[in-house]
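Inspection log for the structure reproduced underneath, given as structure tokens.
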Amino acid sequence: MDGIGILYPLLGHMLLVLSLYILLIMRKSKAIKAKSVDFKKTALNNKAWPEDVVQVSNNLDNQFESPLVFYALCIITVLVGAVNSFAIALSVAYMVFRYIHAYVHVGTNYIPHRLRAFALSLVAMLLLLIQTSIHIVINT
Numbered sequence: 003m004d005g006i007g008i009l010y011p012l013l014g015h016m017l018l019v020l021s022l023y024i025l026l027i028m029r030k031s032k033a034i035k036a037k038s039v040d041f042k043k044t045a046l047n048n049k050a051w052p053e054d055v056v057q058v059s060n061n062l063d064n065q066f067e068s069p070l071v072f073y074a075l076c077i078i079t080v081l082v083g084a085v086n087s088f089a090i091a092l093s094v095a096y097m098v099f100r101y102i103h104a105y106v107h108v109g110t111n112y113i114p115h116r117l118r119a120f121a122l123s124l125v126a127m128l129l130l131l132i133q134t135s136i137h138i139v140i141n142t
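Going by my numbering, the sequence shown opens with residue 3, and the numbers climb by one from there.
Below you can see the structure in the form of structure tokens.
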């Protein structure tokens, strides 16, 4: 199977990150226009912004944690030739759950829903790790 298919969810995740940066800019601009920003405090403390800005900022931090492991895992999966329909489905599932997590995080921020989406993304990544590891063991 062509290994490139597993890279599309990585591109999808990159789109999520860029979208979050745009949302962050929009929310910061709104806060500045509403004069609800103490520039002296926000210059040194991201938590000094209004809550809706902090939510997006915190979610952006999340996009550079487990997704980096996911990126590496997808690249390893391509390099060892372990890409198949199951691996692609898992990578798509991971990306979808990251979108759900981000949507909840920057919206209602309801922790049980956010945690569920996060946990399911990790399950998808764990299954991809297992599948790739088995492929490596069998083929070496």
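Ideal Cβ placement from N, Cα and C applies to all residues, glycine included.
Query, Result
"Let me confirm a value: asparagine 141 is counted as buried when at least 16 other C-beta atoms fall within 10 Å, else exposed. Which label applies?", "exposed"
"Near leucine 22, what residues of its chain come up, given a Cβ to Cβ distance below 8 angstroms and the 5 sequence neighbours on each side ignored?", "Val58, Asn61, Leu62, Gln65, Ala104, Val108"
"Let me confirm a value: alanine 126 is counted as buried when at least 16 other C-beta atoms fall within 10 Å, else exposed. Which label applies?", "buried"
"For the alpha helix (DSSP H) containing proline 52, list its first residue and its last residue.", "Counting along the chain, proline 52 falls outside any alpha helix (DSSP H), and DSSP gives it neither H nor E."
"Out of Leu92, Tyr112, Thr79, which has the shortest C-alpha to C-alpha gap to serine 135?", "Thr79"
"Between the alpha carbons of leucine 130 and glycine 5, how many angstroms are there, rounded?", "14 angstroms"
"Can you tell me whether alanine 121 is buried or exposed, with buried defined as 16 or more other CB within 10 angstroms of its CB?", "exposed"
"State buried or exposed for alanine 84, treating a residue as buried only when at least 16 other CB atoms are found within 10 Å of its CB.", "buried"
"If you draw a straight line from the alpha carbon of serine 93 to that of lysine 49, how long is it in whole angstroms?", "32 angstroms"
"Nearest-angstrom Cα distance between proline 11 and leucine 70?", "13 angstroms"
"Let me know if alanine 89 comes out buried or exposed under the rule of 16 or more other beta-carbons within 10 Å of its beta-carbon.", "buried"
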